[in-house]
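2 protein chains.
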Amino acid sequence: MNFTTRQVEIINASKELIGEKGLQTLTIKNLAKRMSFSEPALYRHFKDKTEIIKALLLFHKEIIQNGILNILASEKNTLEKFEEILKFKFAHIEKNPALVMVIFSETSFQYNSILSKIVSKILKQRTKKIITIIQSGQDEGSIRKDIDAQQLATIALGGIRTTILSWKLSGFKTDLKSDGKKLWETLKILFKN
Amino acid sequence: MNFTTRQVEIINASKELIGEKGLQTLTIKNLAKRMSFSEPALYRHFKDKTEIIKALLLFHKEIIQNGILNILASEKNTLEKFEEILKFKFAHIEKNPALVMVIFSETSFQYNSILSKIVSKILKQRTKKIITIIQSGQDEGSIRKDIDAQQLATIALGGIRTTILSWKLSGFKTDLKSDGKKLWETLKILFKN
DNA sequence: ATAATGTTAGTTAGTACTTACTAACTTTTG
DNA sequence: CAAAAGTTAGTAAGTACTAACTAACATTAT
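Top to bottom, those sequences are chains A and B.
Just so you know, we're using this note's numbering here: the first sequence kicks off at 862 and counts up by one.
Just so you know, we're using this note's numbering here: the second sequence kicks off at 862 and counts up by one.
Okay, here's the thing in structure tokens:
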């Protein structure tokens, strides 16, 4: 997961393109134009297009992962950690709309199955992590036990997804952070013991 | 919304193709092959490719809409209607995986903005309908009033979306109906007054 | 009734364009 | 001077779509 400065530049250019008009505008031609050099120059830095998107995904996965790990390591109770994670997530996504485009299109990777596998793997890992958090909240006594962690995770993830989706459908015009906060208030009431 | 028998055949062939390998396999070439005739023949029945997908969306939208209207017209209380609607939805989607592919890819329509507008319009209409149902449940006294209908709708829709998504990610192997039932049990507990 | 005319639904062949990618050569840089 | 990073000019494959034509059937007119 070590990228050269040029590779990071290409990753960011890809992110910009996707963020502007969606995954379908991430073409070699557009990317080269954005980088102000020729198409073959891209192939000096990445084997093929798949590797570029893969790099984009892994690059941001690592950023998010580190953020979450920091929150989990902190001295807070489960509900507080949960809130922090939500905040962090919404803030990161608001700064990087491209991620929404990529993550939300897990069904329609024209490119190949490798990418959709990566996306679905990331999604699964996140689900697992949320389940673990909810479970420790249940053990701790702060989260209700009459509904199992798996189901509560479905509710939490669903709320997140829907909130982000309606932000996207508004053309990124609504205030994601405040919608995220409202969602958190709702989840807190629903989940509390 | 009146289609010729040939058009319905083409709609179904499109649905099959999308259901098998995703939206990206719905090409004019593949569709013509599936219909066992030439590519230009398709243009005798639809103006262009966009019209074909549009027809697919509207065709199923109408089916779902009628199903929901029937349920709403029945003599049941809000929670029962809600349950019936969820059941109906999951059953219809299980029979038509292609719809998941299309609806879940609202971000990445290569074709044009017309389609993504249709999809987002359908999504918005459904959200509105669910909010109305929840509100009447709140008036009726069966659904909690400490969380507003908009937020509860976000939770319900999110749960549905996530449940369907994990079904898709399993390669359509898990039991969607039973997962849908579990989701309903959870929502019932969370929403009840 | 039948010949003329029009329609429906298909064909073959091809357009114009875009896609990711490559070979061969040149420039820049440490 | 050699490796890294760029260039020009192409390729093969795929995209939606169109032009021109036709067989088979339906409608209309004499």
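Note that the Cβ used here is the ideal one computed from N, Cα and C, for glycine as well.
Only a predicted model underlies this, so the values are computations on that prediction, with no experimental measurement involved.
Could you run through the region 1014-1029 of chain A and flag, in chain order, every residue whose CB is less than 9 Å away from some CB of chain B?
Residues passing the 9 Å Cβ filter: Ala1014, Thr1015, Ile1016, Ala1017, Leu1018, Gly1019, Gly1020, Ile1021, Arg1022, Thr1023, Thr1024, Leu1026, Ser1027, Lys1029.
By Cβ distance below 8 Å, which residues in the same chain neighbour lysine 1053 of chain A in space, the five residues on each side in sequence not counted?
So the list reads Leu940, Ser1003, Ile1004, Arg1005, once near-sequence residues are dropped.
Pick from B:Lys915, B:Ile932, B:Lys1038 that is closest to leucine 976 of chain B, judged by C-alpha positions:
Checked all of B:Lys915, B:Ile932, B:Lys1038; the closest Cα to leucine 976 of chain B is B:Lys915.
Determine, for isoleucine 994 of chain A, whether the minimum Cβ-Cβ distance to residues of chain B falls below 8 Å.
Not closer than 8 Å to any Cβ of chain B, the Cβ of isoleucine 994 of chain A fails to qualify, so no.
For a contact defined as C-beta to C-beta under 7 Å, what are the partners of threonine 1047 of chain A on chain B?
Residues of chain B whose Cβ lies closer than 7 Å to the Cβ of threonine 1047 of chain A are, in chain order, Ile1008, Gln1012, Ile1016.
Cβ of lysine 1038 of chain B within 8 Å of Cβ of glutamate 912 of chain B?
8 Å or more divides the Cβ of lysine 1038 of chain B from the Cβ of glutamate 912 of chain B.
I'd like to know if serine 875 of chain A contacts chain B, where contact means its C-beta is closer than 8 Å to some C-beta of that chain.
Judged by the 8 Å Cβ criterion, serine 875 of chain A is not in contact with chain B.
Under the assumption that arginine 1022 of chain B contacts glycine 880 of chain A (Cβ atoms under 8 Å), give the Cβ distance between them as a whole number of angstroms.
Contact doesn't hold; Cβ gap of about 22 Å is too wide.
From A:Val961, A:Arg905, A:Phe864, A:Ser935, residue whose alpha carbon lies closest to that of glycine 1032 of chain A
Put simply, of A:Val961, A:Arg905, A:Phe864, A:Ser935 the residue whose alpha carbon is nearest the alpha carbon of glycine 1032 of chain A is A:Val961.
Nearest-angstrom Cα separation, counted from leucine 892 of chain B out to alanine 874 of chain B
The alpha-carbon atoms of alanine 874 of chain B and leucine 892 of chain B are separated by roughly 7 Å.
Just checking, does the region 893-911 of chain B make contact with the region 943-951 of chain B on the three C-beta pairs under 8 Å criterion?
Taking a cut-off of 8 Å for Cβ pairs, the region 893-911 of chain B and the region 943-951 of chain B do not touch, as fewer than three such pairs fall below it.
Using a 10 Å radius around the Cβ and a threshold of 16 neighbouring Cβ atoms, would you call serine 969 of chain B buried or exposed?
Low local confidence applies: a pLDDT of 48 at serine 969 of chain B is under 50, so the model's placement there is unreliable, and no value is given.
Are the beta-carbon atoms of leucine 984 of chain A and leucine 1044 of chain B separated by less than 8 Å?
Contact flag unset, no.
Compare the C-alpha of isoleucine 1016 of chain B against each of B:Ile991, B:Glu877, B:Ser935, B:Ser1027 and name the closest.
Residue B:Ile991 holds the alpha-carbon nearest to the alpha-carbon of isoleucine 1016 of chain B among B:Ile991, B:Glu877, B:Ser935, B:Ser1027.
Identify the residues that DSSP records as bridge partners of isoleucine 964 of chain B: which are they?
Answer is none; isoleucine 964 of chain B lacks a bridge partner.
Buried or exposed: serine 935 of chain B, going by 16 or more other Cβ atoms within 10 Å of its Cβ?
With fewer than 16 Cβ atoms within 10 Å of its Cβ, serine 935 of chain B is classed as exposed.
Are the beta-carbon atoms of valine 963 of chain B and leucine 884 of chain B separated by less than 8 Å?
With a cutoff of 8 Å on beta-carbon distance, valine 963 of chain B and leucine 884 of chain B are scored as near each other.
Using a C-beta cutoff of 8 Å, does lysine 1043 of chain B count as contacting chain A?
So yes, lysine 1043 of chain B belongs to the interface.
Decide if leucine 902 of chain A is buried, meaning its Cβ has at least 16 other Cβ atoms within 10 Å, or exposed.
Rather than leucine, the amino acid found at residue 902 of chain A in this sequence is alanine. The residue is exposed, with fewer than 16 neighbouring Cβ atoms inside 10 Å.
Thinking C-beta only, is phenylalanine 920 of chain A closer than 8 Å to isoleucine 872 of chain A?
Their beta carbons are under 8 Å apart, which means isoleucine 872 of chain A touches phenylalanine 920 of chain A by this criterion.
Partner residues on chain B for serine 981 of chain A, Cβ-Cβ distance less than 7 Å
Ordered by position in chain B, the residues that pass the 7 Å Cβ test against serine 981 of chain A are Leu1030.
Step through the CB atoms of chain B and report whether any lies within less than 8 Å of the CB of leucine 878 of chain A.
Using a CB distance cut-off of 8 Å, leucine 878 of chain A does not count as an interface residue toward chain B.
Among B:Val869, B:Leu1013, B:Gln986, B:Arg987, which one has its Cα closest to the Cα of glutamine 996 of chain B?
With distances taken between Cα atoms, glutamine 996 of chain B lies closest to B:Leu1013.
Bridge partners for lysine 978 of chain B per DSSP, in chain order?
Beta-bridge pairing links lysine 978 of chain B to no other residue.
Per DSSP, what kind of secondary structure is isoleucine 1008 of chain B in: helix, strand or coil?
Isoleucine 1008 of chain B falls in the coil class under three-state DSSP.
Taking CB distances under 8 Å as the criterion, tell me whether leucine 1051 of chain B reaches chain A.
Cβ-Cβ to chain A under 8 Å: yes for leucine 1051 of chain B.
Closer than 7 Å at the beta carbon, the chain A residues around leucine 892 of chain B:
Those within 7 Å of leucine 892 of chain B in chain A number zero; the least Cβ separation is about 17 Å.
Taking all protein chains shown into account, decide if leucine 918 of chain A is buried (16 or more other Cβ within 10 angstroms of its Cβ) or exposed.
Looking at its Cβ environment, which holds 16 or more other Cβ atoms inside 10 Å, leucine 918 of chain A is buried.
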